[in-house]
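Data first, discussion second: the structure below is written as structure tokens.
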Amino acid sequence: MKTLYTAEATATGGRNGHVKSNNGVLDIEVRLPKAMGGANDDYTNPEQLFAAGYAACFDNALLHIIKREKIAAGETTVTAKVGIGQIDNGGFALAVTLAVNVPQLDIEQARELVEKAHQVCPYSNATRGNIQVDLMVTNN
482 MKTLYTAEAT
492 ATGGRNGHVK
502 SNNGVLDIEV
512 RLPKAMGGAN
522 DDYTNPEQLF
532 AAGYAACFDN
542 ALLHIIKREK
552 IAAGETTVTA
562 KVGIGQIDNG
572 GFALAVTLAV
582 NVPQLDIEQA
592 RELVEKAHQV
602 CPYSNATRGN
612 IQVDLMVTNN
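Residue numbers for the sequence shown follow the numbering used here, so the first one is 482 and each next one is one higher.
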């Protein structure tokens, strides 16, 4: 792989700490969500950060496919839902659902484009075979 860009961020304090990117643009407190024993949901958490990154990356992959195929698809949206749970060995794992809307196409054509985007998206390639990723496609 020829690296085009490298992102860098540093965390201190784990899930009840601080995350900062090397350029200072990302500079936030993270906390354990209430559902996992945290005090409240007033802060972001690693799963939200992963969901935001995956949603943005997947939408860009979809836009790349749409542009390559010269299709008028309207304004697409991707909502990523990232779940975390305990697995048999006592560790934890993630599961993702990507809700993808491609408004100006019939549902079969939208599904085909989403499947193609799933093949080129770096997050999809990184997670493939490692975590469950479900694709839900709509066209409204």
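Using N, Cα and C, we set each Cβ at its ideal position, and we do this for glycine too. Predicted model, so just to flag it, every value in this text is computed and none were measured.
- Beta-bridge analysis with DSSP links residue 573 to 567.
- Proximity of the stretch 584–600 to the stretch 561–574 falls short of the contact definition, fewer than three beta-carbon pairs being nearer than 8 angstroms.
- Per DSSP, residue 532 is not a residue of any beta strand (DSSP E); the alpha helix (DSSP H) it occupies stretches across 527–549.
- With fewer than 16 other CB atoms across the displayed protein chains lying within 10 angstroms of its CB, residue 606 is exposed.
- Between residue 554 and residue 565, the alpha-carbon positions lie close to 33 angstroms from each other.
- Scanning the stretch 482–517 from its first residue to its last, no whole alpha helix (DSSP H) run of 4-plus residues comes out.
- Residue environment for residue 619: exposed (fewer than 16 other C-beta atoms within 10 angstroms of its C-beta).
- When rounded, the separation of the alpha-carbon atoms in residue 523 and residue 516 is 12 angstroms.
- Excluding five sequence positions before and after residue 536, the CB atoms of its chain that fall closer than 7 angstroms to its own CB belong to 559, 560 and 561, given in chain order.
- Shown here for residue 621: same chain residues with a beta carbon closer than 8 angstroms to its own, the five before and five after excluded, namely 582 and 584 in chain order.
- In this structure, the straight-line span from the alpha carbon of residue 595 to that of residue 495 is close to 34 angstroms.
- Taking 4 residues as the shortest admissible run, the stretch 582–607 contains the following complete alpha helix (DSSP H) segments, listed from N- to C-terminal end: 588–601.
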